[in-house]
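In the working numbering, the protein residues as written are 45 to 399.
Every residue, glycine too, gets a C-beta built ideally from N, C-alpha and C.
Below you'll find the structure, written out as structure tokens, and then a few comments.
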């Protein structure tokens, strides 16, 4: 039957058709690195990701975000999926809070939660109820409702495939405490109650805390519990790709960058061979793609580290520019900057902080 009125029938028709296409999950081509027995970390991926119809889903997502933004339904601290925002905003908020506590000679305790299988345990009815409560009506909720309908999945072991199974939940893809400790425990209990009410499970084994403090005198970490188990305190934590240590020196993060830097430097050493190596323009592009892109992420955060810590990165940066330009090892650093037309890491961090 031809569709005469596309405005009335197009969106509901797509909302019914698309879930049938995207309901089947397949195993990913490559599992994440980790132990072979950590099967709880493996997730299927939808065949819909490679379909041209994903642009329609992106369009519906854009409309939904626009509605949420214009009606102020999104919390100001939320950075994910928002235009002009990124994880760097959350990193800056954490680093600013820690530094303000240091200036006032106070303590700063941060608890880092990890929701266990967040996408697989998403409460579908809760999503639809939230959309109804904020006033969403019409074709967009119908599209999302059909998109969240029961999907199917099966397991592949070598060349054998199992039967199809229904994915019922998820979406595609004790002692005396001081005042601060009590407030932290109340906040943890509130998060636990919210996660239980919405069908999420906070991973107790992955939840950790860090006590940020620069005081040298003896002080104990607060005793916080999650589901009756003590939350362990660590000296450093990886948060959104940046390693925060309790002294906020960012030395562990710089050391990790140096390890990645050395691997990229070995690539330049091989490609810069005078007999058959690449030219300077190609080497510079490879260096920017493999190394500088990693250094740029979070540089606004770890750029506040001590000069002695950041100089460790400068030494490797100078060595890379020397390989690219083919200059002698004793060549002045400023001449390398001019020859490669590349600024120093300090100026690069300042430029990115302005953006």
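Check: For residue 277: DSSP bridge partner residues; Outcome: 253
Check: Rounded separation between residue 244 and residue 136 - CA only; Outcome: 27 Å
Check: Separation of residue 105 from residue 176, as counted between CA atoms; Outcome: 16 Å
Check: Beta strand (DSSP E) segments (min. 3 residues) lying fully within the region 312–379; Outcome: none
Check: Within 8 Å, strictly: CB atoms of residue 253 and residue 275; Outcome: yes
Check: Bridge partners - residue 204, DSSP secondary structure assignment; Outcome: 201
Check: Candidates 267, 346, 270, 362: closest to residue 393 by CA position; Outcome: 346
Check: Residue 37 (DSSP reduced to helix, strand or coil); Outcome: Since the first and last residues shown for the chain are 45 and 399, residue 37 lies out of range.
Check: Stretch pair the region 293–309 + the region 318–338: three plus CB contacts closer than 8 Å; Outcome: yes
Check: Member of 102, 391, 207, 268 whose CA lies at the smallest distance from the CA of residue 187; Outcome: 102
Check: Contacting residues, own chain, Cβ-Cβ under 7 Å from residue 384 (five flanking each side not counted); Outcome: 328, 365, 368, 369
Check: Boundaries of the alpha helix (DSSP H) in which residue 403 is found, first to last residue; Outcome: The chain is shown from 45 up to 399; residue 403 falls before or after that span and cannot be answered.
Check: Which of helix, strand or coil DSSP assigns to residue 106; Outcome: helix
Check: Rounded C-alpha distance that separates residue 249 from residue 269; Outcome: 12 Å
Check: Check whether residue 353 and residue 389 have beta carbons under 8 Å apart; Outcome: no
Check: Which of helix, strand or coil DSSP assigns to residue 187; Outcome: helix
Check: Reduced DSSP category for residue 401 - H, G, I as helix; E, B as strand; rest coil; Outcome: Residue 401 cannot be examined here, being either before or after the span of the chain that is shown, 45 to 399.
Check: The beta strand (DSSP E) enclosing residue 288, as first and last residue numbers; Outcome: 286–289
Check: Sub-8 Å separation of residue 301 and residue 338 beta-carbons; Outcome: yes
Check: Exposed unless 16 or more other CB atoms sit within 10 angstroms - verdict on residue 290; Outcome: buried
Check: With 16 other Cβ atoms within 10 Å as the buried cut-off, status of residue 178; Outcome: exposed
Check: Inter-residue Cα distance where the pair is residue 258 and residue 143; Outcome: 10 Å
Check: Outcome for residue 230 when other beta-carbon atoms lying within 10 angstroms are tallied against a minimum of 16; Outcome: exposed
Check: 8 Å Cβ cutoff met for residue 293 and residue 350; Outcome: yes
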